[in-house]
Amino acid sequence: MSRRLISTGSPLEKTVGYSRAVIDGDFAFVAGTTGYDYTTMTMPADVTSQSRNCFKTIEAALKEGGFEMADIVRATYYVTDASYIDAHFAVCGEVLGNIRPAATLLVVTALAKPEMKVEIEVTAKRRSA
Numbered sequence: 570m571s572r573r574l575i576s577t578g579s580p581l582e583k584t585v586g587y588s589r590a591v592i593d594g595d596f597a598f599v600a601g602t603t604g605y606d607y608t609t610m611t612m613p614a615d616v617t618s619q620s621r622n623c624f625k626t627i628e629a630a631l632k633e634g635g636f637e638m639a640d641i642v643r644a645t646y647y648v649t650d651a652s653y654i655d656a657h658f659a660v661c662g663e664v665l666g667n668i669r670p671a672a673t674l675l676v677v678t679a680l681a682k683p684e685m686k687v688e689i690e691v692t693a694k695r696r697s698a
């Protein structure tokens with residue numbers, strides 16, 4: 570199976586030189602995904618909504634690549650304030666509680682824009698039929 574790029578269609582992907590996800594064989598590598606809401610074209614103010622939007626975008630990229638959320642084997646979370654951890658983890662539990670990938674959380678000083686409070690990246694491995 571050849572390498573396949575998944576795009577959200579954002580012009581930033583070409584300008585910066587990245588893809589929302591790269592499918593390579595049985596693996597999907599989903600880039601760091603922030604909480605932007607592509608339906609309303611806005612960034613919610615709260616970390617809970619941002620975390621949910623991250624997972625929504627990740628799920629869409631995985632689905633386009635032929636993967637499911639249950640295929641996630643690794644997740645890395647970045648939050649810009651330790652006070653966001655409980656709210657973010659509550660969403661992680663809703664989405665990944667039964668999947669339980671290996672995960673790491675980092676508290677960082679900032680993301681690309683000040684309104685961004687959380688960023689999530691995942692790796693998935695396609696399950697055999």
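The numbering of the sequence shown is my numbering, which starts it at 570 and goes up by one.
Even glycine gets a Cβ: it sits at the ideal position worked out from N, Cα and C.
| Item | Value |
| --- | --- |
| Val599 beta carbon less than 8 Å from that of Glu688 | no |
| DSSP state of Ala693 mapped onto helix, strand, coil | strand |
| Cβ-based neighbour list, Tyr587, same chain, cut-off 6 Å, excluding 5 preceding and 5 following | Ala600 |
| Residue range of the beta strand (DSSP E) that includes Gly621 | It should be noted that the sequence gives Arg, not Gly, for residue 621. Careful: Arg621 lies outside any beta strand (DSSP E), inside the alpha helix (DSSP H) at Val616 to Glu633. |
| Candidates Asp595, Arg572 and Gly578, of which the one nearest Lys694 by Cα | Asp595 |
| Cross-strand partners of Asp593 (DSSP beta bridge) | Phe596 |
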